[in-house]
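To start, the structure under review is shown below, and the notes come after it.
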Amino acid sequence: DTGVSQDPRHKITKRGQNVTFRCDPISEHNRLYWYRQTLGQGPEFLTYFQNEAQLEKSRLLSDRFSAERPKGSFSTLEIQRTEQGDSAMYLCASSTRDRRNTEAFFGQGTRLTVV
Amino acid sequence: QQPVQSPQAVILREGEDAVINCSSSKALYSVHWYRQKHGEAPVFLMILLKGGEQKGHDKISASFNEKKQQSSLYLTASQLSYSGTYFCGTEIDSGGSNYKLTFGKGTLLTVNP
Chain A
31 DTGVSQDPRH KITKRGQNVT FRCDPISEHN RLYWYRQTLG QGPEFLTYFQ
81 NEAQLEKSRL LSDRFSAERP KGSFSTLEIQ RTEQGDSAMY LCASSTRDRR
131 NTEAFFGQGT RLTVV
Chain B
8 QQPVQSPQAV ILREGEDAVI NCSSSKALYS VHWYRQKHGE APVFLMILLK
58 GGEQKGHDKI SASFNEKKQQ SSLYLTASQL SYSGTYFCGT EIDSGGSNYK
108 LTFGKGTLLT VNP
């Protein structure tokens, strides 16, 4: 499968624990995005990378959230000291540099449940 | 800056047409349309760039009115497979692309036999 891959698909964690998610984008895509989606809402932008550089981070994100893309390939999203409000679907997407003919491909997401 | 989608939900019988609208209060560089089925990832449908273009494939098409900062998605002769939640994602015109999409709350489309 050559699409965007996310791992794990589901994560249940206790409040206060740290969690880390991984995203493997389509290999030739240099842009990678993280979104969060809650029930009945559209995806909400969290952060985005161009190659290994993190170019923007949502002001809605607290300091408990951090993302990396160390070699411009896969990316990780870490949430420290999880809270119940962090429960959501975390989506990763990737796209190419071509602005006129690009599309963002989404992965299947990681569903986080904080209990 | 979140775009506003309308209607929130629509129910069709197979073969009927539907229009989903997306509007923004900001000048837009592009509009992206996605469809998401329950429990699945959003799937890209099409992108429209400023310049007022219209696109389509099969029986799904879209337009982008740059002056009004509005986009519409047209589904004609709907099929059962069209059921899902449709999202528009908008990219603000900041003198070019800023690569960040802001999504609307979605329109739930249900197509019945």
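Line by line, the protein sequences are chains A and B.
Count along the first sequence from 1, add 30, and you get the number used in my numbering.
Count along the second sequence from 1, add 7, and you get the number used in my numbering.
From the three backbone atoms N, C-alpha and C, an ideal C-beta is built for every residue, glycine too.
Quantities reported herein were computed from a predicted structural model and do not represent experimental measurements.
**Item:** Arg61/A at chain B interface by Cβ criterion, 8 Å
**Value:** yes
**Residues of the stretch 71 to 101 of chain B whose Cβ lies closer than 8 Å to any Cβ of chain A, in chain order** = Phe94 and Gly96
**Message:** If you reduce the DSSP assignment to three classes, tell me which class Gln114/A lands in.
**Reply:** helix
**Message:** Looking at the strands, I want to know which residues DSSP matches up with Ser124/A.
**Reply:** Leu62/A and Phe135/A
**Partner residues on chain B for Tyr120/A, Cβ-Cβ distance less than 7 Å** = Within 7 Å Cβ-Cβ: nothing; Tyr120/A doesn't reach chain B, min ~12 Å.
**Message:** Once DSSP output is grouped into helix, strand and coil, what is the label at Tyr89/B?
**Reply:** helix
**Message:** Taking contact to mean 3 or more Cβ pairs, one atom from each stretch, closer than 8 Å, check whether the stretch 104 to 124 of chain A and the stretch 28 to 38 of chain B are in contact.
**Reply:** no
**Request:** Please report how far the alpha carbon of Lys112/B lies from the alpha carbon of Gln9/B, in whole angstroms.
**Result:** 8 Å
**Prompt:** Three or more beta-carbon pairs under 8 Å between the stretch 95 to 111 of chain A and the stretch 45 to 63 of chain A, yes or no?
**Reply:** yes
**Message:** Using a Cβ-Cβ distance cut-off of 8 Å, determine whether Ala16/A contacts chain B.
**Reply:** Coverage of chain A is limited to positions 31 through 145, which leaves residue 16/A absent and any answer about it impossible.
**Cβ-Cβ separation, Pro49/B to Phe79/A (assumed contact under 8 Å), whole Å** = Between Pro49/B and Phe79/A the Cβ distance is about 19 Å, and since that is not below 8 Å, they are no contact.
**Prompt:** Taking only beta-carbon atoms, is Phe29/A less than 8 Å away from chain B?
**Reply:** With chain A running from 31 to 145 in the structure shown, residue 29/A is simply not present.
**Asked** From which residue to which residue does the beta strand (DSSP E) around His40/A run?
**Response** His40 to Thr43
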